[in-house]
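Participant:
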Amino acid sequence: SFQLSARGHWSTWPAFASGQTVLKNHKPCCAPEERMSSNKQALLTIPKPRYLEQLESYLRKELQFLDLTKSNSQELKLQPYREIFEFFIDNFKTYKPLLSAIKNEYEATLAHQKEMIRSLQPLKAMVTTISEECTRQILALQEKEKVEINMLKQEKQYLLKFIDNMKEEKSSLQTQVEHLQTSIAEEYARYLNEYGARKLLLAKLNDMHNEQLNRERHQVQDVKGEDVVKLTLALKIARQDLTKAQVKLNAMIADYGDVVPRRDFESLEKKYSDLHQEMRTLQKDFDQLHKEYQTLLEIHRETAEERDNFFTELQQAQRNCTPRPNWAKCSEVIPGGADRWGCLAEGKTSDQLVDVLLEEIGTGVLKEINVFPGWGKGDKVPAYLRHEGEVENKKLTKKDVVNILKDIWKEKNAVEEQTGKRSGLPEFFLSYLQKKYGDASAMEWSYTLYENMRRCRSNHVMSSFFDILTGKVGEEQYHVQNRLISNLQKELAARDSSNRGSLTSEHILCCLSPYRMAMREAFPLKRKDSIQELVNASRYKLDSTEDLIDYRSLFKEDEEGNPEPFVAKIRSQYVSEKQEYLRELKNNLGDLIELNTDDLKAAFLTIDPDIDDQTLDTYIGLAYQVRREQPDQEVVPVDTALQRLLAGDVRRVGPSPREESKTDLKES
Numbered sequence: 001s002f003q004l005s006a007r008g009h010w011s012t013w014p015a016f017a018s019g020q021t022v023l024k025n026h027k028p029c030c031a032p033e034e035r036m037s038s039n040k041q042a043l044l045t046i047p048k049p050r051y052l053e054q055l056e057s058y059l060r061k062e063l064q065f066l067d068l069t070k071s072n073s074q075e076l077k078l079q080p081y082r083e084i085f086e087f088f089i090d091n092f093k094t095y096k097p098l099l100s101a102i103k104n105e106y107e108a109t110l111a112h113q114k115e116m117i118r119s120l121q122p123l124k125a126m127v128t129t130i131s132e133e134c135t136r137q138i139l140a141l142q143e144k145e146k147v148e149i150n151m152l153k154q155e156k157q158y159l160l161k162f163i164d165n166m167k168e169e170k171s172s173l174q175t176q177v178e179h180l181q182t183s184i185a186e187e188y189a190r191y192l193n194e195y196g197a198r199k200l201l202l203a204k205l206n207d208m209h210n211e212q213l214n215r216e217r218h219q220v221q222d223v224k225g226e227d228v229v230k231l232t233l234a235l236k237i238a239r240q241d242l243t244k245a246q247v248k249l250n251a252m253i254a255d256y257g258d259v260v261p262r263r264d265f266e267s268l269e270k271k272y273s274d275l276h277q278e279m280r281t282l283q284k285d286f287d288q289l290h291k292e293y294q295t296l297l298e299i300h301r302e303t304a305e306e307r308d309n310f311f312t313e314l315q316q317a318q319r320n321c322t323p324r325p326n327w328a329k330c331s332e333v334i335p336g337g338a339d340r341w342g343c344l345a346e347g348k349t350s351d352q353l354v355d356v357l358l359e360e361i362g363t364g365v366l367k368e369i370n371v372f373p374g375w376g377k378g379d380k381v382p383a384y385l386r387h388e389g390e391v392e393n394k395k396l397t398k399k400d401v402v403n404i405l406k407d408i409w410k411e412k413n414a415v416e417e418q419t420g421k422r423s424g425l426p427e428f429f430l431s432y433l434q435k436k437y438g439d440a441s442a443m444e445w446s447y448t449l450y451e452n453m454r455r456c457r458s459n460h461v462m463s464s465f466f467d468i469l470t471g472k473v474g475e476e477q478y479h480v481q482n483r484l485i486s487n488l489q490k491e492l493a494a495r496d497s498s499n500r501g502s503l504t505s506e507h508i509l510c511c512l513s514p515y516r517m518a519m520r521e522a523f524p525l526k527r528k529d530s531i532q533e534l535v536n537a538s539r540y541k542l543d544s545t546e547d548l549i550d551y552r553s554l555f556k557e558d559e560e561g562n563p564e565p566f567v568a569k570i571r572s573q574y575v576s577e578k579q580e581y582l583r584e585l586k587n588n589l590g591d592l593i594e595l596n597t598d599d600l601k602a603a604f605l606t607i608d609p610d611i612d613d614q615t616l617d618t619y620i621g622l623a624y625q626v627r628r629e630q631p632d633q634e635v636v637p638v639d640t641a642l643q644r645l646l647a648g649d650v651r652r653v654g655p656s657p658r659e660e661s662k663t664d665l666k667e668s
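Take 1 as the starting number for the sequence shown in UniProt numbering and just add one per residue.
1) Relative to the C-alpha of residue 465, which candidate in 405, 592, 482, 560 has its C-alpha closest?
2) So residue 446 and residue 385 are in contact, right, with Cβ under 8 Å, and what is the actual spacing, rounded?
3) Beta strand (DSSP E) containing residue 371: first to last residue?
4) Just how far apart, CA to CA, sit residue 609 and residue 654?
5) Once you ignore the five residues that flank residue 571 on each side, which residues in its own chain have a CB closer than 6 Å to its CB?
6) Is it the case that the Cβ atoms of residue 475 and residue 548 are separated by a distance below 8 Å?
7) Is residue 376 helix, strand or coil by DSSP?
8) Is it buried or exposed, residue 288, if we count other Cβ atoms within 10 angstroms and call 16 or more buried?
9) Which value, in whole angstroms, describes the spacing of the CA atoms of residue 212 and residue 200?
10) Using 8 Å as the threshold, is the C-beta distance between residue 588 and residue 606 below it?
11) List the endpoints of the continuous alpha helix (DSSP H) containing residue 682.
12) Check residue 611 in the structure and name its three-state DSSP category.
13) Where DSSP assigns a beta bridge to residue 387, which residues make up the other side?
14) Check whether the Cβ atoms of residue 671 and residue 342 lie closer than 8 Å to each other.
15) Using DSSP's beta-bridge definition, name the partner residues of residue 417.
16) Closest to residue 52 by C-alpha separation, out of 75, 92, 71, would be which residue?
17) For residue 531, which three-state DSSP category applies?
18) Where do the N-terminal and C-terminal ends of the alpha helix (DSSP H) with residue 493 fall, by residue?
19) In angstroms with no decimal places, state the Cα-to-Cα distance between residue 419 and residue 410.
20) By a C-beta neighbour count over all protein chains shown, 10 Å radius and 16 as the cutoff for buried, is residue 648 buried or exposed?
21) Can you tell me which of the three DSSP states residue 392 falls into?
22) What is the rounded straight-line gap between the Cα of residue 309 and the Cα of residue 315?
23) Suppose you measure from the CA of residue 395 to the CA of residue 448; what does that come to, to the nearest Å?
24) Taking C-beta to C-beta, are residue 456 and residue 363 nearer than 8 Å?
25) Quick one, which of 370, 84, 73 has its alpha-carbon nearest residue 59's?
26) Is any heavy atom in the ligand NAP found nearer than 7 Å to the beta carbon of residue 582?
27) Can you give the Cα-Cα distance for residue 279 and residue 599, rounded to whole angstroms?
28) Helix, strand or coil: how does DSSP classify residue 655 here?
29) Which of the three DSSP states is assigned to residue 205 in this structure?
30) DSSP three-state call for residue 559: helix, strand or coil?
31) Between 581, 259, 392, 592, which lies nearest to residue 635 when the distance is taken from Cα to Cα?
32) Are the CB atoms of residue 478 and residue 468 within a distance shorter than 8 Å?
33) For residue 307, which residues in the same chain have their Cβ closer than 8 Å to its Cβ, ignoring the five residues on either side in sequence?
34) To the nearest angstrom, how far is the alpha carbon of residue 508 from that of residue 463?
35) Need the endpoints of the alpha helix (DSSP H) that residue 592 sits in, please.
Below you can see the structure in the form of structure tokens.
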């Protein structure tokens with residue numbers, strides 16, 4: 001057992017003076033440097049207290065008995081120190097509660113750290129497994145791409161060989177044409193020689209005939225005694241006729257010496273025409289193959305870029321991957337328990353669940369706030385928040401807020417239909433509250449609605465109203481989405497000939513099902529995969545064996561204004577399609593930092609050739625925030641113009657040229 005000093009007090013060591021002197025001369029506020037020299041001297045002269053020596057001796061003995069070669073040597077080594085500290089706490093009566101609290105806090109911290117280390121052990125194995133799985137997927141993708149590349153290379157070699165064969169065939173045909181031309185020339189020379197020989201033969205025959213006639217005439221003259229002068233004159237005239245005939249014959253030979261017979265000419269001309277037509281057909285086929293080859297090269301390049309992007313995203317995901325949290329624990333702290341948390345978490349990603357959890361926390365905190373601080377009355381403060389001092393919190397539920405916002409939209413649409421003029425939402429918001437609740441309470445309702453909308457971002461009614469109220473999104477975008485949903489509802493009702501409220505899915509009649517045809521009529525520019533996403537969203541509550549879709553239930557909302565997944569998918573596709581449209585616009589603008597209206601018009605016409613002039617002027621007005629009659633020579637930064645277009649209603653008017661080219665390639 002440990003002993004106290006003779007006077008019943010703990011011995012102080014190192015002691016700089018006697019107990020009485022220490023109590024007498026102790027000044028808490030004095031500087032430690034003033035006592036430094038005297039403290040060092042006292043330390044050398046006064047021995048350790050007996051209780052301290054006993055504690056140190058007990059600690060040394062306990063440490064000597066420990067086996068420090070075991071794996072848990074650190075925990076074994078900590079136990080003697082823990083016992084020494086407990087002895088010290090038990091004997092130090094005055095500070096025992098404080099020291100016990102310190103000890104308990106350290107023990108709790110150590111236990112918590114051990115628990116965390118124990119819970120993180122399985123995560124290490126899971127990360128290793130995920131890394132191996134991703135590596136196998138990468139290798140599989142590489143093998144798949146390697147096979148496709150080899151197939152494209154083989155096709156390229158085949159096309160090159162085909163081109164070489166075409167060239168050889170063309171050369172062979174050219175050689176045949178030259179050979180035929182040579183043969184025709186030889187035949188023409190042979191016919192010409194025969195023609196000359198025939199003419200000479202006829203001339204000889206004529207001469208022989210004339211000589212025979214002359215001989216007969218001489219004989220007759222001798223017999224009859226005709227007049228010699230008359231015969232001489234006739235001979236002279238005959239010779240003149242012969243000279244004229246010879247001149248005419250020579251002229252004809254000179255004029256028609258190189259003429260080919262018409263029969264041979266027509267035969268050669270027909271053969272040449274056939275060869276030329278065949279060559280043109282082959283050239284056309286070659287050009288088509290070359291065009292398809294260039295298109296395949298472009299598709300391969302785009303595929304390679306997508307593969308590289310996916311690989312980069314995979315690497316980024318591998319670096320940033322974290323274990324999925326146990327979201328079921330949230331049901332213990334969320335009002336409503338596991339049932340309400342199951343409804344809130346259904347079909348949501350981890351990022352969306354974080355937003356839901358933050359909203360629930362923010363809603364709970366909002367209910368505990370009694371007053372809101374006013375924003376003041378400055379020019380930068382919105383009109384519906386201009387107030388000095390504190391504002392009472394009405395503590396509304398989500399259902400109450402959604403009902404008020406829907407009533408505001410309903411009232412605003414009715415007023416605009418009566419007056420024929422569209423007013424801004426911030427001004428109408430304040431006037432509505434003043435009219436319904438009075439000027440005195442309008443600010444209380446305005447602040448309460450504003451804070452609820454700001455904290456509840458997952459609710460579409462509240463988030464869309466907040467974005468339009470703060471100017472982040474244009475009001476036209478809200479009305480356009482509602483019109484799209486209304487048009488689809490009308491198309492589905494028109495396809496329901498029996499008015500049963502249900503239509504057959506695509507599993508019955510495939511592409512000819514009334515349900516799919518109705519969505520194609522309502523969304524003519526959507527791709528097939530987007531239509532399929534809508535079909536899947538409409539069937540999320542159905543069994544795989546069910547063939548009927550209750551399309552009326554797809555457009556229902558719960559009491560807090562949350563729509564069904566089908567309507568949520570339509571709205572998300574609207575946003576993603578607009579973002580993709582503006583992404584194509586940005587890519588077409590290239591490296592431009594600032595742009596004028598001509599550049600923007602040219603870019604719109606390139607990515608959307610079917611856009612009309614009125615829609616184009618509307619988009620230009622959104623980007624430059626000017627009226628149509630104002631001059632359009634202003635230059636704005638590209639990012640600013642894209643942000644303004646993103647806030648407004650910007651959609652594709654006609655089909656994408658890229659999609660049309662891919663469709664034509666598939667059809668060919």
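Ideal Cβ placement from N, Cα and C applies to all residues, glycine included. From a predicted model like this one, the values you see are computed outputs, not experimental measurements.
Facilitator: So, from the data block:
1) Checked all of 405, 592, 482, 560; the closest Cα to residue 465 is 405.
2) About 7 Å; that satisfies the 8 Å criterion.
3) 371-373 is the extent of the beta strand (DSSP E) around residue 371.
4) Rounded to whole angstroms, residue 609 to residue 654 spans 7 Å at the Cα level.
5) Excluding residues within five positions, the ones whose Cβ falls inside 6 Å are 481.
6) Not closer than 8 Å, so no.
7) Of the three classes helix, strand and coil, the one that applies to residue 376 here is strand, per DSSP.
8) Exposed is the label assigned to residue 288, since fewer than 16 other Cβ atoms lie within 10 Å of its Cβ.
9) Approximately 18 Å between the Cα atoms of the pair.
10) In contact: residue 588 and residue 606 (Cβ atoms closer than 8 Å).
11) Outside the modelled stretch of the chain, which goes from 1 to 668, sits residue 682, for which no answer is possible.
12) Residue 611: coil per DSSP, three-state reduction.
13) DSSP, once it has assigned bridges, lists 376 as partnering residue 387.
14) What the structure shows of the chain is the stretch from 1 to 668, and residue 671 is not part of that stretch, so it cannot be assessed.
15) According to DSSP, which records beta bridges pairwise, residue 417 is partnered with nothing at all.
16) Out of 75, 92, 71, 92 has the C-alpha closest to the C-alpha of residue 52.
17) Correct three-state label for residue 531: helix.
18) In the DSSP annotation of this structure, the continuous segment of the alpha helix (DSSP H) that includes residue 493 starts and ends at 475-495.
19) Between residue 419 and residue 410, the C-alpha separation is close to 15 Å.
20) Under this definition residue 648 is a buried residue.
21) In the three-state reduction of the DSSP assignment, residue 392 falls in the strand class, which pools E and B.
22) Cα-Cα distance, rounded: 10 Å.
23) Answer to the nearest angstrom: the Cα atoms are 7 Å apart.
24) Yes, the Cβ-Cβ distance between residue 456 and residue 363 is below 8 Å.
25) By alpha-carbon distance to residue 59, the top candidate from 370, 84, 73 is 84.
26) In the structure shown, the ligand NAP is absent, as is every other ligand, since no ligand is present at all.
27) In this structure, the CA atom of residue 279 is about 44 Å from the CA atom of residue 599.
28) DSSP places residue 655 in the coil class of the three-state scheme, outside both helix and strand.
29) Under the three-state reduction of DSSP output, residue 205 falls in the helix class.
30) Coil at residue 559, not helix or strand.
31) The candidate whose alpha carbon is nearest that of residue 635 is 592.
32) With contacts defined as CB atoms closer than 8 Å, residue 468 and residue 478 qualify as a contacting pair.
33) These residues qualify, in order along the chain: 141, 145.
34) Legend: pLDDT at residue 508 = 31, less than 50; position of this residue unreliable, value from coordinates given subsequently. Rounded to whole angstroms, the separation of the alpha carbons of residue 463 and residue 508 is 38 Å.
35) Where residue 592 is concerned, there is no enclosing alpha helix (DSSP H), given that its DSSP letter is neither H nor E.
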